[in-house]
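So for the sequence shown, our numbering puts the first residue at 17; every next one is plus one. In what follows, a structure is listed as structure tokens, so that the remarks can point back to it.
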Amino acid sequence: MDYATLIEKRTTRLAEIEEMMSVPDFFNDQSTSTAIMREHRSLKRLLEGWEKLQLVKSDIEGNEELAKGDDADFAAMAEAELPPLRAQQEKLEDLVQYSLLPRNATEDRDALLEIRAGAGGDEASLFAGELMKLYQRYADNRGWKCEHLESSPSDVGGFKEVIMKISGEEVFRYLKYESGVHRVQRVPATETQGRIHTSTVTVAVLPEAEEVDVQLRPEDLHIQATRSGGSGGQHVNTTDSAVQITHLPSGLQVKCQDGRSQTQNKALGLEILRAKLFEVAEREAHDSYSAQRKSLIGSGDRSEKIRTFNFPQSRVTDHRINHTSHNIEGILNGDINEFTEHLQKAEMEQRLAEEELA
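Below you can see the structure in the form of structure tokens.
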């Protein structure tokens, strides 16, 4: 596919944006300037990827010519360099193609990550704690910031529920594939007969909602202070610092107790509530599409079983793309890139097919 015309349009748009950013009062409107800067970063990445792709193509052409030459040593060296160059070309072509597709505005946003123990009692709560560490390590590897907003520890050292905010570049773009039911199959430490148990943990990834996305009217909120319960985070004490917020029109309820003060818990609670309401609106819009155009890849359906961690066989399987890895230890240490890359590729193919249908 010839992308030259599209690249030319993106180059023109980048120049327009950089001119807008040079205006002295550019940052006066925080919401608009934030959106424009996100678009600027996205365009820069695309055009840098395009330039790299052209260089790699040039290198491949040069090596192919050398490989046909009379000098056997040079030909062998050139031939040996071709496979990694072609792999790099394929990766860069995928990046450019993905970047040229119509973007969802939420892909550049920070995300709220909610991990909730499901079926399996104590074993489910332990696995919820392991998934929390997995995503913390993944965030560290990508240079993102991870902040705990709310948690509910279990008696056995795991978590019944954890909510974290992850900040950085394109957080939601990469984390959105993690939404759904994660299943674990292993022999629990308390099992005396060596039987394998199956437990589940639900993960929900919500794009951070801005005030322009969801406006919370005071008359729609019931806010009350409650006593912090459980062992909680390190700052939880026995004062009435916890805050419970109910959104009256929807019935959605949020409780925050991990902050240092009632004021901080209220702010965190409103942030979580705004993200949940935004998710509801996004899901309603998604569900309005025809069945033919619904995407399971990255749909964020909480009830969908997406991944199984089988410890006895040391394998992790993503059921959406039928991809299996036997690097369970590496994955639990945050190395989920192979899944993300396969899921992105599957989504790109699906979106290209949808563009053809449109």
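Where is the CB? At the ideal position from N, CA and C, for every residue including glycine. Computed from a predicted model, the values in this text were never measured in an experiment.
Use the C-beta contact count for GLU235: other C-beta atoms within 10 angstroms, 16 or more gives buried, fewer gives exposed.
exposed
Give the DSSP bridge partners of HIS339, in chain order.
ASP334
Taking only runs that begin and end inside the region 101-149, name each unbroken beta strand (DSSP E) of 3 or more residues, in chain order.
127-133
Per the DSSP calculation, MET180 is bridged to which residue(s)?
LEU129, HIS164
Beta-bridge partners of THR216, as assigned by DSSP
ARG199
For the region 146-165 against the region 186-200, are there 3 or more C-beta pairs whose distance is under 8 angstroms?
yes
Cβ of SER195 within 7 angstroms of Cβ of ALA225?
no
List the endpoints of the continuous beta strand (DSSP E) containing PHE325.
321-326
Return the CA-CA distance between ALA88 and TYR190, expressed in angstroms with no decimal places.
45 angstroms
Spatial neighbours of GLY65 within its chain, please: CB distance less than 8 angstroms, with the 5 preceding and 5 following residues excluded, ordered by chain position.
LEU108, LEU111, VAL112, SER115
Give the secondary structure of LYS25 by DSSP, where H, G and I count as helix, E and B as strand, and everything else as coil.
helix
Beta-carbon spacing of LYS176, ALA205 below 7 angstroms
no
Which class does ALA83 belong to by DSSP, given the choice of helix, strand or coil?
helix
Please name the residue or residues paired with GLN269 in a DSSP beta bridge.
THR262
Could you spell out where the alpha helix (DSSP H) holding LEU237 opens and where it closes?
First-last for LEU237: 237-242, but that is the beta strand (DSSP E), not the alpha helix (DSSP H).
State yes or no: is the C-beta of ARG199 within less than 7 angstroms of the C-beta of THR324?
yes
Is there contact between the region 137-145 and the region 89-101, where contact requires at least three CB pairs shorter than 8 angstroms?
no
Pick from ALA291, MET37, VAL203, LEU101: whose alpha carbon is nearest that of ASP126?
ALA291
Are the beta-carbon atoms of LEU359 and LEU150 separated by less than 7 angstroms?
no
Beta-carbon spacing of THR218, GLN201 below 7 angstroms
no
Taking C-alpha atoms, which residue in GLY285, VAL296, SER330 lies nearest to VAL203?
SER330
Where GLN308 sits in the DSSP three-state scheme:
Low local confidence applies: a pLDDT of 40 at GLN308 is under 50, so the model's placement there is unreliable, with the coordinate-based value given in what follows. The answer is helix: DSSP assigns GLN308 an H, G or I state.
Coil, strand or helix - PRO204 by DSSP
coil
Extent of the continuous alpha helix (DSSP H) to which GLY346 belongs:
344-348
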